[in-house]
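In mature numbering (1 follows the signal peptide of the UniProt record, and there is no 0), the protein residues as written are -19 to -1, 1 to 583.
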């Protein structure tokens, strides 16, 4: 019976102590939450030392430090260190106590001792560094990880922890070096690097730092494809497309790639409208020979890049003829069918608008419409293109017929709405202003925003300039000038509108003429002259419907072509202030914030 009785006494005492500890815990936590740290420290100290419960270690010392009981904290930590001198946690707490007391010298000594005596144990090093991080000692946490690397003789240890620390501290140089260090053995880190680095980079200088570091690494380890890929990515971020291509070609040769990576980047060059670089890329791919799977796609894409270069106004007449011949070669080799329809249409466009042979294009498109296997949408698009050619060759009734067919077949679709608008423009060019306005008024309600806006401008153009006989005659001259411009005869179109104020000095078309001429100059890349006209329009005393659009276009010229972002910012701000209801305000705000340096997600 005695052993049983003794066990019951022990259990009873244990339960009593547990109940007391539990009560002390609740009271101590209540004191702590209420900010009464001195009372909380007394109970937590009891739980830590008497109950020997390490769970209360941080709460005890936090309470002491928050209540500035530095001497008690110092004695307590020294007692614990005597009991367990190998404890990294206790050493860290001692350094923290000295620091919060203002004893920087002893604090530094303790931290230095921690670094010197750091064990060769990855788990303990990580635990210590995490404790240090929780205290906000980010520099010290970094030093612990770096010293831990040395102790473990492993330069890849603690990579993810250091990356997080450098990113948090926005230490760009260290972040770059750590990613490059990681990529030396972990190529899977490349995508993360490409995601994280832009989030901390702020200027071109940051990318230049990355570039310099990468070039050194590439020289030391040219076989590391991760470095080459990141260098290519860096050039793309900086829009240094020729440099990116140079690296891509070197990588292609080094890895004996089939051309997939280079072809993918060539498409990227096209999407960024760097057609010259894309052409170089496709030309290199063609050197791989006809047996290469990217030969034909590269050949077709090369021709298309040259076509896009033409549309951007960077091609001379000789190159246009060569381009037309290349499309003809495709048609001669593969025939005129659904798969080569793109070549027919682009060849026809070249003949119409650049080589002044609309009759050839007319014949080609009339035949192309009858090619079997093409979709109804493609037929509709070609009918619109053919209708435009009929306008050029002075066959307006044929054009109206085709526009009407497309409008009827594609009712309530974008292509049908476009057909109606082109029909309205044709009526306007013919001087049939009443009918053109009635068509434009219907299209103002279109869900296609650009067409609705164009229709509104056409309707206002007509209604604003029919008050007198002189206005009507001036408007007919203006309409004739628009037809000349549609026929790609810019000089004749400008001469026509310049004669309007001479013949009709009191006409009300001043703003429309300024906008019309500025559009022509922009198309012909004469941005300076266009800017002069847009400024004149904006400052015109009797400006009509074009002021907000003129501001938006002029701001865009200063931002993109004239290299004066501050002037662009001023103009965007003026547009936002003076025309709050304009359809251009939303885009103007985006550009304004971008120039100002705001972080705007696309």
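We put the CB at the ideal spot given by N, CA and C, even for glycine.
Euclidean distance between Cα positions of residue 201 and residue 167: 17 Å
Enumerated in chain order, which unbroken segments of the alpha helix (DSSP H) with a length of 4 residues or greater are wholly contained in the segment 519 to 555? 528 to 541
When the Cα of residue 28 is compared with those of 258, 521, 18 and 40, which residue comes out closest? Check the Cα spacing between residue 28 and each of 258, 521, 18 and 40: the tightest is with 40.
Between the C-alpha atoms of residue -8 and residue 45, what's the straight-line distance to the nearest angstrom? For residue -8, the predicted model reports a pLDDT of 41, less than 50, meaning its position is unreliable; a value from the coordinates is still stated below. Cα to Cα, residue -8 sits roughly 33 Å from residue 45.
For residue 391, the three-state DSSP class (helix, strand or coil): coil
DSSP on residue 137, reduced to helix/strand/coil? coil
Which runs of the alpha helix (DSSP H) spanning at least 4 residues fall entirely within the segment 436 to 475, listed in chain order? 450 to 467
Residues near residue 499 in its chain [Cβ-Cβ closer than 6 Å; skip 5 each side]: 511, 514 and 515
Under the three-state reduction of DSSP, which class applies to residue 374: helix, strand or coil? Assigned with DSSP and collapsed to three states, residue 374 falls in coil, not helix or strand.
Helix, strand or coil for residue 205? Go by DSSP, reduced to three states. Coil.
Tell me the rounded alpha-carbon separation between residue 451 and residue 407. 22 Å
Quick check: the segment 72 to 85 against the segment 106 to 121, are at least 3 beta-carbon pairs closer than 8 Å? yes
Taking the alpha-carbon positions, what's the residue 391 to residue 460 distance? 28 Å
Neighbourhood of residue 455 by C-beta, 6 Å cutoff - its chain only, sequence neighbours within 5 removed: 481, 485, 488 and 490
Buried or exposed for residue 339, please, with buried defined as at least 16 other CB atoms from any protein chain shown within 10 angstroms of its CB. buried
Between residue 497 and residue 462, how many whole angstroms is the CB-CB distance? I'm expecting something under 8 Å. 7 Å
Can you say whether residue 214 is buried or exposed, counting buried as having 16 or more other CB atoms within 10 angstroms of its CB? buried
Can you tell me which of the three DSSP states residue 338 falls into? Of the three classes helix, strand and coil, the one that applies to residue 338 here is coil, per DSSP.
Is residue 520 close to the ligand MN? I mean its beta-carbon at under 7 Å from any heavy atom of the ligand. Although the ligand MN was asked about, the structure shown includes no ligands whatsoever.
Can you tell me whether residue 151 is helix, strand or coil according to DSSP? coil
For residue -2, three-class secondary structure by DSSP: Caution applies to residue -2, whose pLDDT of 42 falls short of 50 and renders its modelled position unreliable; the model cannot decide the point.
With DSSP run on the structure shown, which of helix, strand or coil describes residue 66? coil
Terminal residues of the alpha helix (DSSP H) in which residue 277 lies: 276 to 292
In chain order, which continuous runs of the alpha helix (DSSP H) of length 4 or greater are located wholly inside the segment 184 to 249? 185 to 201, 206 to 218 and 222 to 236
With a CB to CB cut of under 6 Å and the five nearest residues on each side skipped, what residues in its chain are close to residue 192? 215
Please report how far the alpha carbon of residue 528 lies from the alpha carbon of residue 543, in whole angstroms. 20 Å
Can you name the start and end residues of the alpha helix (DSSP H) that residue 355 belongs to? Unbroken run through residue 355: none, as it is neither H nor E.
Residue 26: first and last residue of the uninterrupted alpha helix (DSSP H) it sits in: 18 to 26
Nearest to residue 453 by alpha carbon, out of 441, 492 and 412? 412
Secondary structure of residue 268, DSSP reduced to three states: coil
Note down the Cα distance separating residue 284 from residue 576, rounded to an integer number of angstroms. Whole-angstrom Cα-Cα distance: 36 Å.
Below 8 Å, how does it come out for the segment 258 to 272 and the segment 235 to 250: are there three or more Cβ pairs, yes or no? yes
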